[in-house]
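Worksheet: the structure to be examined is printed underneath.
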Amino acid sequence: MMKYFFICMAILLIPLNSYAAPPVFEILIKDHLFYPDELVIPANTKVKLLVKNQDATPEEFESYELNREKVIPGNTQAIIFVGPLPPGIYPFFGEFFPKTAQGKIIANGSGE
Amino acid sequence: MLLNSVILVLREVLEAAMVVSLFMAFTTVSQQSRGFLLKAILLGLIAGATYAYFLPEISNWLEGIGQEITNTIIHVGIYLFLTGFLWLISSNIVLPNRLVKAVMMAAIILAISRESAEIMLYISGFSSDHFLMQSVLSGSLIGLGIGVSCGIFLYHLMIALKPAAATRFICVLVVIVGGSMMSQATQFLIQADWLASTEPVWDSSHIISEHSLPGQLLYALMAYEATPTCSQIVIYLTSLALMILVIVVARFLQAQSKYD
């Protein structure tokens, strides 16, 4: 009896929104620049970044503030999960071309 | 471009240099030949080149998180081999012993493969640009030089100690590097969305920024994170505790067998 009770409790504890696919945001890398270089995402929501590297050269998406790093070979795309983030500004950069490849993610409190 | 290359390559080399210098010091302290370490470094470079070559395909595995999972496996692998090393030397199984050698080689191959893959990918990106390639190559060589020098410095620091103290120091550093590997593995699992991402427990970026030199050095040594999440801290501390437990248990069993 207790066993079923715990199973039911465990199922109830799974938040429903974990089933929903996270919204996808696209970032392009072209000529060692990020497009857009300012990306607004909803705060407190997990999002999926789709980073398309259109250069022939590899790039590494890196952000200390977001705790993310991922190498994206030339002419390929990568997905990076980000958040849920409290409202704020989170800079990111391309580690292979840090002078030009700079951008920031703005987590917006209102959700848009 | 020159300075970028120096910093990028240095960051990658530091971590691998630490693992190599630890084991190199260990072979010196236990008065063994170091030829097999060189073999491991070469194998690591080959593994790195293979990883870099197949990265576009690997990235696509598991619906786009292949890279994170591969990196997690590499980091967990290094941790396990380091733990195995601690177990062996704490139970007084020292060189020459094939298992000790194998464990050291495996850890070095894994450590070098990931770091070198990134450097190779980076440099290969400039293959079409002859002009930039020159400054990238010289920058990379300087970065490599500084990284290797740090490793050599650490090596001499360790072998300057008396053998018993040196072994203890090596153990402490192995535990620190091991924890760092698990912390990075956790980070990759969060990035892959296999572990839930939670809000940072603290933010120490105003004390030591990850952008700063001390921050970078601390990152290379112990995966310093200015904004760690709860799961990262828990896994980090648990893996440190496990390694220490392994040392204690191995020593205890060793002492027991002496009395029997």
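Keeping their order, the protein sequence lines are chains A and B.
Residue numbers for the first sequence follow the UniProt record's numbering, beginning at 1 and rising by one.
Residue numbers for the second sequence follow the UniProt record's numbering, beginning at 1 and rising by one.
For glycine and all other residues, C-beta sits at the position ideal for the given N, C-alpha and C.
Looking only at its chain, what residues have a beta carbon closer than 7 angstroms to the beta carbon of residue i, apart from the 5 residues adjacent to it on each side?
i, result
"VAL71 (chain A)", "PRO58 and GLU60"
"GLY77 (chain B)", "LEU110"
"ILE176 (chain B)", "LEU221 and MET222"
"ALA49 (chain B)", "MET120"
"GLU95 (chain A)", "GLU60 and GLU62"
"GLU65 (chain A)", "TYR90 and PRO91"
"ALA74 (chain A)", "This sequence places Gly at residue 74 (chain A); Ala is not what is there. Same-chain partners within the cutoff: ASN53, ASP55, ALA56, THR57 and PRO58."
"THR186 (chain B)", "LEU195, SER231, GLN232 and ILE235"
Just how far apart, CA to CA, sit residue i and residue j?
i, j, result
"GLY88 (chain A)", "THR198 (chain B)", "15 angstroms"
"ASN44 (chain A)", "LEU62 (chain B)", "26 angstroms"
"ALA220 (chain B)", "ALA52 (chain B)", "21 angstroms"
"LYS258 (chain B)", "SER91 (chain B)", "11 angstroms"
"PHE252 (chain B)", "GLU38 (chain A)", "57 angstroms"
"VAL19 (chain B)", "ILE208 (chain B)", "24 angstroms"
"PRO200 (chain B)", "GLN184 (chain B)", "15 angstroms"
"GLY179 (chain B)", "TRP202 (chain B)", "19 angstroms"
"ILE142 (chain B)", "GLU118 (chain B)", "17 angstroms"
"GLY84 (chain B)", "MET222 (chain B)", "19 angstroms"
"LEU88 (chain B)", "ARG168 (chain B)", "14 angstroms"
"PRO228 (chain B)", "ASP260 (chain B)", "47 angstroms"
"ARG98 (chain B)", "MET105 (chain B)", "10 angstroms"
"ASN45 (chain B)", "MET1 (chain B)", "The amino acid at residue 45 (chain B) is misidentified as Asn; the sequence shows Leu. Roughly 24 angstroms between the two C-alpha positions."
"LEU242 (chain B)", "ALA107 (chain B)", "18 angstroms"
"GLY151 (chain B)", "LEU85 (chain A)", "38 angstroms"
"ASN53 (chain A)", "ARG11 (chain B)", "23 angstroms"
"THR70 (chain B)", "ASN108 (chain A)", "33 angstroms"
"ALA101 (chain A)", "ILE58 (chain B)", "24 angstroms"
"TYR155 (chain B)", "ALA164 (chain B)", "15 angstroms"
"GLN216 (chain B)", "ALA226 (chain B)", "11 angstroms"
"GLN31 (chain B)", "LYS104 (chain A)", "53 angstroms"
"PHE26 (chain B)", "MET181 (chain B)", "20 angstroms"
Please state whether DSSP places residue i in a helix, a strand or coil.
i, result
"PHE208 (chain B)", "What sits at residue 208 (chain B) in the sequence shown is Ile, not Phe. Three-state result, ILE208 (chain B): coil."
"ALA250 (chain B)", "helix"
"LYS101 (chain B)", "helix"
"GLN77 (chain A)", "strand"
"VAL94 (chain B)", "coil"
"TYR35 (chain A)", "strand"
"PRO228 (chain B)", "coil"
"PRO200 (chain B)", "strand"
"TRP61 (chain B)", "helix"
"PRO56 (chain B)", "helix"
"SER127 (chain B)", "coil"
"LEU195 (chain B)", "coil"
"MET120 (chain B)", "helix"
"ARG114 (chain B)", "helix"
"GLU112 (chain A)", "Bear in mind that the predicted position of GLU112 (chain A) carries a pLDDT of just 47, short of 50, making it unreliable; the figure below should be weighed with that in mind. Note: GLU112 (chain A) maps to coil in three-state DSSP."
"MET243 (chain B)", "helix"
"MET24 (chain B)", "helix"
"GLN31 (chain B)", "coil"
Any idea which residues DSSP pairs residue i with across the strands?
i, result
"ARG68 (chain A)", "A:SER63"
"ASN53 (chain A)", "A:ILE29 and A:THR76"
"LEU14 (chain B)", "LEU14 (chain B) pairs with nothing; no bridge assigned."
"GLY88 (chain A)", "A:ALA107"
"LYS48 (chain A)", "A:VAL24 and A:PHE81"
Grab the span of the alpha helix (DSSP H) containing residue i for me, first residue to last.
i, result
"SER174 (chain B)", "Just to set this straight, residue 174 (chain B) is Val in the shown sequence, not Ser. Start and end: 163-191."
"PHE97 (chain A)", "Unbroken run through PHE97 (chain A): none, as it is neither H nor E."
"VAL40 (chain A)", "Note, VAL40 (chain A): premise wrong, no alpha helix (DSSP H); beta strand (DSSP E) at 38-42."
"LEU221 (chain B)", "213-222"
"MET158 (chain B)", "130-159"
Which residues in the same chain have their Cβ closer than 8 angstroms to the Cβ of residue i, if we skip the five residues on either side of it in sequence?
i, result
"ASN60 (chain B)", "GLY66"
"CYS230 (chain B)", "THR198 and VAL201"
"ILE41 (chain B)", "VAL20, ILE108 and ILE112"
"LEU213 (chain B)", "none"
Got a sec? Which residues, its chain only, sit under 6 angstroms from residue i by beta carbon, not counting five neighbours each side?
i, result
"VAL13 (chain B)", "LEU144 and GLY147"
"TYR35 (chain A)", "LEU28"
"ALA78 (chain A)", "VAL51, LYS70 and ILE72"
"GLU68 (chain B)", "PHE188, GLN191 and ALA192"
"VAL103 (chain B)", "PHE81, GLY84 and PHE85"
"VAL24 (chain A)", "LYS48 and LEU50"
"GLY111 (chain A)", "Bear in mind that a pLDDT of 48 at GLY111 (chain A), under 50, signals an unreliable position, so the model cannot answer this."
"GLY139 (chain B)", "LEU2, SER5 and VAL6"
"VAL9 (chain B)", "ILE119, SER140, GLY143 and LEU144"
Would you give the residue range spanned by the beta strand (DSSP E) that residue i belongs to?
i, result
"GLN102 (chain A)", "102-108"
Whose Cβ in chain D lies nearer than 8 angstroms to the Cβ of residue i?
i, result
"HIS211 (chain B)", "Although the question refers to chain D, the structure presented lacks it and instead comprises the protein chains A and B."
Does at least one heavy atom of the ligand NAP sit under 7 angstroms from the Cβ of residue i?
i, result
"THR72 (chain B)", "Ligands are entirely absent from the displayed structure, and the ligand NAP is therefore not among its contents."
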